[in-house]
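Residue numbers (my numbering): 55 to 425.
Every residue gets a Cβ at the ideal spot worked out from N, C-alpha and C, and that includes glycine.
A short worksheet on the structure shown next.
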């Protein structure tokens, strides 16, 4: 084969590969060993609003939105002898376009090698899931609003009690001349007001959008404790014995508001299943690299045929009009988003246990959080 024929074949092969890249409906970006962009396909141009010529040769980090992700890249590259990769294989990242718009992308990463097996760079294949994330967020928020509606009647009752006390003490002060009694009544008014304020504060913290909360190292035992307080507004616990078995150092890296939503849902469901009689056991313990939390009730139990469907959207075993069918679906989505797992064990007439396992919390340097 002559040189001209060889050049023509090479050119045809390059054109063929470029056509595949440019007609792919996914982002494809490659880098060299120093993290400089080599290939930037048409879908990447369209989504991130950079022309290929303007980014080739530039640092891959210009595409990243968050500093922690850039830090992880640098850390990983140092371990891999300057082989720059974008993070962990098959992970969700946030990329920023030229105009500043942020996109959620599921990214799959691989190293590229030459004919001798030597690593020459990396290839990242990404899929835009921004719209899916927004729909998921709206679904979570709609379920939270439904949950707030469930809590509202209980909260109204709890606020009414201190308000009645405040009114009674205020009327007593109006007709009282004894300075000592006036001071005592004023003290009672302050206590009633603080109690009402605390109830409103708890609801406000729960109702605020989880989108404004960042992931941080939180104590899962405290999350469950606070969730129990809120759940008491949404279900009757009369006749239910509560047992708490909390270990030490149960730290996880999580969105605190979303985690509270998980456990409020599980605890309210447990209370509903027991109908004012039985025992609710809340356990939280640290394992090897994970934290486990279990919510156990001695209620009616879930039929075996239903267990495999309880995390499906709009599936509910409650009477019509008493549930959205989204509660456990949202619980499942939140737990899996945090790279956790949720399991259910149930027996009709004996009760149910939901177990949530989450990765143990780590600090900003990637080390296990100190107890």
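- Here residue 169 is not bridged, per DSSP, to any residue.
- Judged by DSSP secondary structure, residue 317 falls within the alpha helix (DSSP H) whose first and last residues are 310-328.
- Bounds of any alpha helix (DSSP H) do not take in residue 85; it lies within the beta strand (DSSP E) bounded by 81-86.
- Burial state of residue 161 is buried, judged by a 10 Å Cβ sphere holding 16 or more other Cβ atoms.
- A distance of 8 Å or more separates the beta carbons of residue 80 and residue 94.
- Residue 352 sits in coil when the DSSP states are folded into three classes, being neither helix nor strand.
- Assigned with DSSP and collapsed to three states, residue 393 falls in coil, not helix or strand.
- The beta-bridge partner set that DSSP reports for residue 158 consists of 148.
- The stretch 150-167 and the stretch 175-189 touch, with no fewer than 3 CB-CB distances between them shorter than 8 Å.
- Per DSSP, residue 338 is one residue of the beta strand (DSSP E) stretching across 332-340.
- Of the residues assessed, residue 363 falls on the exposed side of the cut-off, its CB having fewer than 16 other CB atoms within 10 angstroms.
- Relative to the Cα of residue 76, the nearest Cα in the group 86, 101 and 88 belongs to 101.
- Between residue 99 and residue 106, the CB-CB gap stays under 8 Å.
- Three or more pairs of CB atoms, one per stretch, sit closer than 8 Å, so the stretch 332-343 contacts the stretch 268-287.
- For secondary structure counted as the alpha helix (DSSP H) over 4 or more consecutive residues, the stretch 264-295 holds these complete runs in sequence order: 274-285.
- For residue 105, the three-state secondary structure derived from DSSP is coil.
- For a cut-off of 8 Å, the C-beta gap from residue 71 to residue 118 is around 26 Å, too long to register as a contact.
- Residues of the same chain with a CB within less than 7 Å of the CB of residue 273, apart from the 5 flanking positions on each side, are 304 and 305 in chain order.
- Burial check for residue 229: the Cβ neighbour count within 10 Å stays below 16, so the residue is exposed.
- In this structure, residue 356 keeps its C-beta atom at 8 Å or more from the C-beta atom of residue 331.
- In the displayed model, residue 233 falls within a helix according to three-state DSSP.
- For the pair residue 388 and residue 349, the CB atoms are not nearer than the 8 Å cut-off.
- Ranked by Cα distance from residue 216, the options 243, 235 and 239 are led by 243.
- Counting along the chain, residue 358 sits inside no beta strand (DSSP E); it lies in the alpha helix (DSSP H) bounded by residues 358-361.
- Under DSSP, residue 307 forms a beta bridge with 271.
- The residues 324, 327, 328, 334, 405 and 406, in chain order, have a CB closer than 6 Å to that of residue 351 in the same chain once the five nearest residues on each side in sequence are set aside.
- Here residue 386 has 365 and 396 as same chain residues with Cβ atoms under 8 Å from its own Cβ, once five neighbours each way along the sequence are excluded.
- Straight across, the Cα-Cα distance linking residue 186 with residue 152 is about 22 Å.
- From the listed residues 413, 83 and 302, the smallest Cα separation to residue 269 is found for 413.
- Approximately 6 Å separates the beta-carbon atoms of residue 307 and residue 271; this is inside 8 Å, confirming the contact.
- Pairing residue 171 with residue 317, the inter-Cα distance amounts to about 50 Å.
- Spatial neighbours of residue 184 in its own chain (CB-CB distance under 7 Å, excluding positions within 5 residues in sequence) are listed in chain order as 157 and 158.
- The beta carbons of residue 213 and residue 250 sit about 5 Å from each other, so the pair counts as a contact at 8 Å.
- Cβ contact annotation for residue 343 (same chain, cutoff 8 Å, sequence separation greater than five): 413 and 414, in chain order.
- Inter-residue distance for residue 168 and residue 87 is about 12 Å (C-alpha atoms, whole angstroms).
- The beta carbons of residue 112 and residue 82 sit about 16 Å from each other, so the pair does not count as a contact at 8 Å.
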